[in-house]
Amino acid sequence: MKKEILINSTSNEVRIAITEDNKLTELFVESPDEARNVGDIYLGKVARVKVGIKAVFINLGFSQDAFLHFSDIDSSFEEYAAIIGDDSEVEEDEDEDDLSAKSSELEEAKSRFDPARLIPEQDIIVQITKERVGKKGLRVTSKVSIPGRYLVLMPFSRKIGISKKIYNYKEKRRLKSIVRSVKAREFGVIIRTVAAGQDENLILDDFNSLITKWNQIQEKMKTLKAPSLLFKDVSTTSSVIRDLFRDDVSRVIVDSKKIYKEIRNYLDATSPESINKVQLYTQSKPIFDAFEIERQIEESLQKRVALKNSGYIVIETTEAMTVIDVNSGKYAKLKDQELNSLKIDFDAAKEVARQLRLRDIGGIIVVDFIDLYEEANRRKLYDELRREFRKDRAKATILPMSEFGIVQITRQRVRQNILHRLTDNCPMCSGTGRVQLKANFIKQINRWLGRYKSDRKTMSIRLLVNPLQKTLLFKNILFYKIKLFFKYFIFIKVETDDKMALDEFKFFTKKDNVDITQEYNL
2 MKKEILINST SNEVRIAITE DNKLTELFVE SPDEARNVGD IYLGKVARVK
52 VGIKAVFINL GFSQDAFLHF SDIDSSFEEY AAIIGDDSEV EEDEDEDDLS
102 AKSSELEEAK SRFDPARLIP EQDIIVQITK ERVGKKGLRV TSKVSIPGRY
152 LVLMPFSRKI GISKKIYNYK EKRRLKSIVR SVKAREFGVI IRTVAAGQDE
202 NLILDDFNSL ITKWNQIQEK MKTLKAPSLL FKDVSTTSSV IRDLFRDDVS
252 RVIVDSKKIY KEIRNYLDAT SPESINKVQL YTQSKPIFDA FEIERQIEES
302 LQKRVALKNS GYIVIETTEA MTVIDVNSGK YAKLKDQELN SLKIDFDAAK
352 EVARQLRLRD IGGIIVVDFI DLYEEANRRK LYDELRREFR KDRAKATILP
402 MSEFGIVQIT RQRVRQNILH RLTDNCPMCS GTGRVQLKAN FIKQINRWLG
452 RYKSDRKTMS IRLLVNPLQK TLLFKNILFY KIKLFFKYFI FIKVETDDKM
502 ALDEFKFFTK KDNVDITQEY NL
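Numbering-wise, my numbering comes out as the position in the sequence shown, counting from 1, plus 1.
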């Protein structure tokens with residue numbers, strides 16, 4: 002599989018596309034009005050403790066308090082009290098060789114810790130783990146970590162962890178030995194996949210850089226008052242290079258000289274063997290057009306996605322869940338219907354996994370595959386789905402196909418999906434995708450006037466509608482107004498507002514200009 006990273010930079014945004022075999026699989030967009038918050042560390046202040054939902058709301062200085070679940074609160078967060086002003090001693094982990102857990106004393110302290118003990122106005126260090134999604138605010142954790150190129154520093158932990166994707170036992174021992182040689186007892190460290198095979202000096206330099214960052218955070222904690230930003234994670238471009246530029250990436254192509262130099266300088270210090278993979282795009286044709294990224298972005302905003310064998314899938318995203326329907330189209334290449342269905346379902350499984358990554362769709366996902374009657378084929382499809390989801394960095398749980406051909410998936414939600422980031426609700430239909438019939442719109446206005454007539458306080462009112470409705474429905478406006486007057490004995494002045502939805506209307510008193518629409522709605 003050929004994996005590439007393409008970076009397009011303009012004066013008002015940076016877009017990063019990750020492709021696999023020339024197919025767009027992930028898209029990151031960074032602009033001044035949409036700052037990236039994930040990874041930022043704050044000195045926050047407890048706003049409310051809600052034991053009923055096992056959550057704490059933290060004031061970080063935003064318009065909406067951040068959400069901290071009890072499960073994301075580590076008792077060791079109390080250790081930073083000494084930094085803020087508490088001189089009490091911190092209990093250290095004596096068992097340096099235990100790589101799987103903290104010492105028994107610390108575990109005992111954790112078992113005694115009750116998150117409900119947190120009180121309003123109490124200071125707490127938290128790190129943002131999820132961006133705002135819809136009406137939900139930021140999600141945070143007190144289990145703070147600082148990522149580097151090869152290591153992740155965990156200031157309030159003791160353990161040494163290592164990526165499960167490093168399979169060589171001798172390499173694991175070598176990397177752990179390097180980290181143990183410099184790791185102070187008060188720190189935990191996770192060794193990242195990209196560290197495999199790297200020179201010891203590069204790993205030690207990364208560790209020292211992380212320690213320097215933590216020391217700077219500690220200094221800020223001594224002087225700043227909550228809520229305050231303690232640590233700002235790197236930009237989207239830098240985080241993609243840091244986290245996703247691995248050995249399986251064949252090249253990085255960027256159309257900005259500035260970003261090109263920044264990436265090369267970063268790799269020169271951290272991964273000099275990868276520096277030749279970075280290329281500057283100098284052609285006149287826009288980079289996203291040249292690699293057909295723009296077309297694939299447009300496709301990702303559509304409900305219907307074509308499969309290569311004439312089948313297609315339909316993706317419907319609602320507030321509660323995402324529903325995907327698999328259709329065979331005109332595909333009937335094989336004589337056996339079961340094999341035809343299996344072929345379409347296999348193609349759909351690959352496309353579903355790609356679309357979920359590309360669109361950043363999280364939460365509950367239900368996929369209605371074409372029915373398979375043989376249990377062996379159902380198992381093949383389930384295994385294929387699991388293989389495809391291994392490419393996904395977000396955590397996902399997949400259940401086997403039910404008797405109705407339904408596969409249920411839950412996927413970790415970190416950011417808003419691409420539909421919400423790149424589009425807005427239609428002002429004509431208010432996001433429903435449908436508008437009322439013209440006749441029904443007129444009937445609604447008549448029913449409203451009937452209710453108003455029974456409690457009429459004035460004979461003159463204003464009707465506000467979309468300009469298109471006035472053109473289509475009220476072609477002979479004088480005739481319409483005369484008809485309503487003789488029916489309800491009300492003078493109506495029809496006006497327009499292009500910000501109103503196509504099936505929306507509002508009534509105002511003519512004298513005081515008071516909105517009385519809701520007063521006479523059902």
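Where is the CB? At the ideal position from N, CA and C, for every residue including glycine.
Since the model is a prediction, treat every value here as computed from it, not as a measurement.
- For D124, the uninterrupted beta strand (DSSP E) run begins and ends at 124–131, by DSSP.
- Contact between I54 and L69 is ruled out by a C-beta separation of about 11 Å, above the 8 Å threshold.
- Ranked by how close their Cα comes to the Cα of K258, the residues I517, N522, I8 have I8 in first place.
- Distance from the CA atom of T433 to the CA atom of E317, rounded to whole angstroms, is 12 Å.
- D499 and F508 have their alpha carbons spaced roughly 16 Å apart.
- Taking C-beta separations shorter than 7 Å and ignoring five residues to either side along the sequence, the partners of R193 in its chain run Y151, L152, V153, S164, following chain order.
- Taking D361 as the centre and dropping the five residues before and after it, the same chain places the C-beta of R416, N418, I419 closer than 6 Å to its C-beta, in chain order.
- Residue environment for A377: exposed (fewer than 16 other C-beta atoms within 10 angstroms of its C-beta).
- Contact check for I410 and I371: beta-carbon distance about 17 Å, past the 8 Å limit, so the pair fails to qualify.
- When C-beta atoms of the region 235–248 are compared with those of the region 261–278, three or more pairs fall below 8 Å, so the two segments count as touching.
- Between A197 and I161, the gap from beta carbon to beta carbon reaches 8 Å or more.
- Residues I446, L464, L465, V466 of the same chain have their beta carbon placed closer than 7 Å to that of F506, with the five preceding and five following residues left out of the count.
- Here the alpha carbons of I204 and S272 stand approximately 10 Å from one another.
- A Cβ-Cβ separation of about 34 Å leaves G45 out of contact with A18 under the 8 Å criterion.
- Scanning its chain for C-beta atoms nearer than 8 Å, with the 5 sequence neighbours on each side dropped, one finds around M2 the residues E21, D22, D249, in chain order.
- P148 is bridged by DSSP to V153.
- Taking C-alpha positions only, V495 is separated from D425 by approximately 28 Å.
- Only residues of its own chain outside the window of five on either side were considered, and among them Y43, L44, G45, K46, N60, L61, G62 have a CB closer than 7 Å to the CB of P228, listed in chain order.
- Between K233 and D41 the beta-carbon gap is near 6 Å, inside 8 Å, which marks them as a contact.
- For Q417, the secondary structure class from DSSP, reduced to helix, strand or coil, is coil.
- According to the DSSP assignment, K494 belongs to the beta strand (DSSP E) that extends over 492–497.
- Counting along the chain, K51 sits inside the beta strand (DSSP E) bounded by residues 42–51.
- Counting of Cβ neighbours within 10 angstroms places P401 among the exposed residues, the total staying below 16.
- Taking C-alpha positions only, R181 is separated from D207 by approximately 14 Å.
- By the Cβ neighbour-count rule, G149 is buried, with 16 or more other Cβ atoms within 10 Å of its own.
- Straight-line measurement puts the Cα of Q338 at about 40 Å from the Cα of F289.
- Judged by DSSP in its simplified three-state form, K439 adopts helix.
- Assigned with DSSP and collapsed to three states, A307 falls in strand.
- By the criterion of a C-beta distance shorter than 7 Å, V515 is surrounded in its chain by F509, once the five residues flanking it on both sides are discounted.
- In the structure shown, Q284 falls within a coil segment according to DSSP collapsed to helix, strand and coil.
- For D75, the closest C-alpha among the options K304, V145, E31 is that of V145.
- Comparing alpha carbon positions, the residue from D456, L230, S461, L485 closest to K444 is L485.
- Looking at the DSSP output, Q409 bridges to V367.
- Cβ-Cβ distances below 6 Å link T518 to K507, F508 in the same chain, with the five nearest sequence neighbours on each side left out; the list follows chain order.
- Under the Cβ criterion (8 Å, minimum of three pairs), the region 299–313 does not count as touching the region 279–288.
- Exclusion of the five residues before and after L268 leaves S275, I276 as the residues of its chain whose Cβ lies within less than 6 Å of its Cβ.
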